[in-house]
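Novice: If you want our numbering, it's the position in the sequence shown, counting the first as 1, plus 6.
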Amino acid sequence: MTKRLGVLLSGRGSNFEALADSVDAGRIPDAEISVVVSNREGAPGIERARARNIAARVIPSKGLEREAFDRQVVALLQEHRVELVCLAGYMRLLSPYFVAAFPNRILNIHPSLLPAFPGLESQKQALEYGAKFAGCTVHFVDENLDAGPIILQAAVPVRDDDTEASLSQRILREEHRIYSEAVTLVLAGKFKITGRRVTRTET
Ligand code: GAR
7 MTKRLGVLLS GRGSNFEALA DSVDAGRIPD AEISVVVSNR EGAPGIERAR ARNIAARVIP
67 SKGLEREAFD RQVVALLQEH RVELVCLAGY MRLLSPYFVA AFPNRILNIH PSLLPAFPGL
127 ESQKQALEYG AKFAGCTVHF VDENLDAGPI ILQAAVPVRD DDTEASLSQR ILREEHRIYS
187 EAVTLVLAGK FKITGRRVTR TET
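Right under this line is the structure:
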């Protein structure tokens with residue numbers, strides 16, 4: 007049966023497009039993106055979704071209390087019978103209400119090798135810290151910032167001549183690759199979570 011994905015974003019939407027491309031190409035098998043939701047008016051990702059004829063909705067978060075906003079988003083995802091929620095540049099913490107509505111069914115992509123450099127401008131943080139490797143992480147989402155068990159990571163060497171832009175671009179390429187891989191793994195149910203450890207299983 008086709009698995010229904012919901013994508014949440016706040017901005018550009020390149021990770022959403024990478025997921026959509028993977029669905030279209032069959033790299034994420036038996037799946038469709040049923041709805042894309044943004045908390046920000048004018049997020050380019052919403053236009054990108056509409057251009058692909060994917061249902062796309064803006065639910066403005068400004069001025070709303072966290073759980074009140076999340077209740078609206080969860081209701082929309084449930085309306086679309088979403089089974090797996092993918093955060094793709096979604097710049098909001100989820101409330102316990104949201105997390106409980108999709109247990110182990112919410113993924114996030116973050117542009118660092120967590121637990122290093124959570125939060126904003128992670129690529130800049132890595133450069134300024136002097137890290138020799140940067141990278142990206144796909145993890146399950148809980149109510150804490152950029153936390154939750156890690157599903158996949160990819161490392162990217164930091165070059166002496168890197169700028170924030172050049173490093174971000176190389177990391178982004180890896181983000182697009184591992185996000186699809188992680189979604190495929192989770193949809194296939196071929197993993198188990200023991201404490202914080204996510205390991206692959208055969209079935
Ligand atoms: C990506 O680099 C993603 O990893 C990051 O925002 C960017 C969104 O780009 N997410 C976070 O920092 C979440 N903590 P996109 O809109 O082109 O996918």
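We put the CB at the ideal spot given by N, CA and C, even for glycine.
Taking 7 Å as the cut-off, is the beta-carbon of Gly17 closer than that to any non-hydrogen atom of ligand 2?
Specialist: In the structure on display, ligand 2 does not appear, and the ligands it does have are ligand 1.
Novice: Out of Gln159, Val79, Ala140 and Thr200, state which residue places its alpha-carbon closest to the alpha-carbon of Gly12.
Specialist: To locate residue 12, count along the sequence shown from 1; it is residue 6. The residue with the shortest Cα to Cα distance from Gly12 is Val79.
Novice: For Arg46, collect the residues of the same chain with a Cβ closer than 6 Å to its Cβ; drop the 5 residues on either side in sequence, then sort them by chain order.
Specialist: Taking the first residue of the sequence shown as 1, we reach residue 46 at position 40. The residues are Ser16.
Novice: Among residues of its own chain, excluding the 5 on either side of Arg54, which ones have a beta-carbon nearer than 7 Å to its beta-carbon?
Specialist: If you number the sequence shown from 1, residue 54 lands on position 48. Closer than 7 Å at Cβ, skipping near neighbours: Gly19, Phe22 and Glu23.
Novice: In the DSSP assignment, what residue or residues form a beta bridge with Gly12?
Specialist: Taking the sequence shown and counting its residues from 1, the one referred to as residue 12 is at position 6. Partner(s): Val41 and Val91.
Novice: Is Leu178 near ligand 1, judged by its Cβ being under 7 Å from some heavy atom?
Specialist: Here residue 178 refers to the residue found at position 172 of the sequence shown. Under cutoff, so the answer is yes.
Novice: Report yes if the C-beta of Gly48 is less than 7 Å from at least one heavy atom of ligand 1; otherwise report no.
Specialist: Numbered from 1 along the sequence shown, position 42 holds the residue referred to as residue 48. The answer is no for Gly48.
Novice: Terminal residues of the continuous beta strand (DSSP E) containing Pro163?
Specialist: Here the question's residue 163 lines up with position 157 in the sequence shown. Per DSSP, Pro163 belongs to the beta strand (DSSP E) from Ile156 to Pro163.
Novice: Sorry if obvious, but does the Cβ on Asp27 come closer than 7 Å to a heavy atom of ligand 1?
Specialist: Mapped onto the sequence shown, residue 27 falls at position 21. Asp27 Cβ: outside cutoff for every heavy atom of ligand 1.
Novice: Does the beta-carbon of His145, which I'm using as the reference point, lie nearer than 7 Å to any heavy atom of ligand 1?
Specialist: Here residue 145 refers to the residue found at position 139 of the sequence shown. Flag unset: Cβ of His145 not near ligand 1.
Novice: From the DSSP output, in three-state form, read off Arg183 for me.
Specialist: As a working note, residue 183 is residue 177 in the sequence shown. Note: Arg183 maps to helix in three-state DSSP.
Novice: Does ligand 1 have even one heavy atom less than 7 Å from the beta-carbon of Cys92?
Specialist: The sequence position of residue 92 within the sequence shown is 86, counting from 1. It does not: the Cβ of Cys92 is nowhere closer than 7 Å to a heavy atom of ligand 1.
Novice: Which word fits Asp76, buried or exposed, when buried means at least 16 other C-beta atoms lie within 10 angstroms of its C-beta?
Specialist: Within the sequence shown, the letter at position 70 stands for residue 76. Counting Cβ neighbours within 10 Å, Asp76 comes out buried, since at least 16 surround it.
Novice: Whose CA, out of Gly201, Arg63 and Phe108, lies closest to the CA of Glu149?
Specialist: Position 143 of the sequence shown, counting from 1, holds the residue named residue 149. Among Gly201, Arg63 and Phe108, the Cα nearest to that of Glu149 is on Phe108.
Novice: So what does His86 bridge to, in DSSP terms?
Specialist: The residue you call residue 86 lines up with position 80 of the sequence shown. Partner(s): none; His86 has no beta bridge.
Novice: Helix or strand or just coil, what does DSSP make of Asn114?
Specialist: Within the sequence shown, the letter at position 108 stands for residue 114. If DSSP states are grouped into helix, strand and coil, Asn114 belongs with the strands.
Novice: Which of helix, strand or coil does DSSP assign to Thr143?
Specialist: Position 137 of the sequence shown holds residue 143. Three-state DSSP puts Thr143 in a strand.
Novice: Report whether the distance from the Cβ of Asp36 to the nearest heavy atom of ligand 1 is below 7 Å.
Specialist: Locating residue 36 in the sequence shown gives position 30, counting from the first residue. For ligand 1, not one heavy atom lies less than 7 Å from the Cβ of Asp36.
Novice: Please go through the same chain and pick out, in chain order, the residues whose beta-carbon is closer than 8 Å to the beta-carbon of Ser174, but skip the five residues on each side of it.
Specialist: As a first step, residue 174 is located in the sequence shown; it is residue number 168 there, counting from the start. Excluding residues within five positions, the ones whose Cβ falls inside 8 Å are Pro117 and Gln129.
Novice: Thinking C-alpha only, which one of Glu134, Glu89 and Ala94 is nearest Ile115?
Specialist: Numbered from 1 along the sequence shown, position 109 holds the residue referred to as residue 115. Nearest of Glu134, Glu89 and Ala94 to Ile115, Cα basis: Ala94.
Novice: Excluding sequence positions up to five away, which residues of its chain have a Cβ less than 7 Å from the Cβ of Met88?
Specialist: As a working mapping, residue 88 is identified with position 82 in the sequence shown. Rather than Met, the amino acid found at residue 88 in this sequence is Val. Cβ neighbours of Val88 beyond the five flanking positions: Arg10, Leu11, Gly12, Ser40 and Val41.
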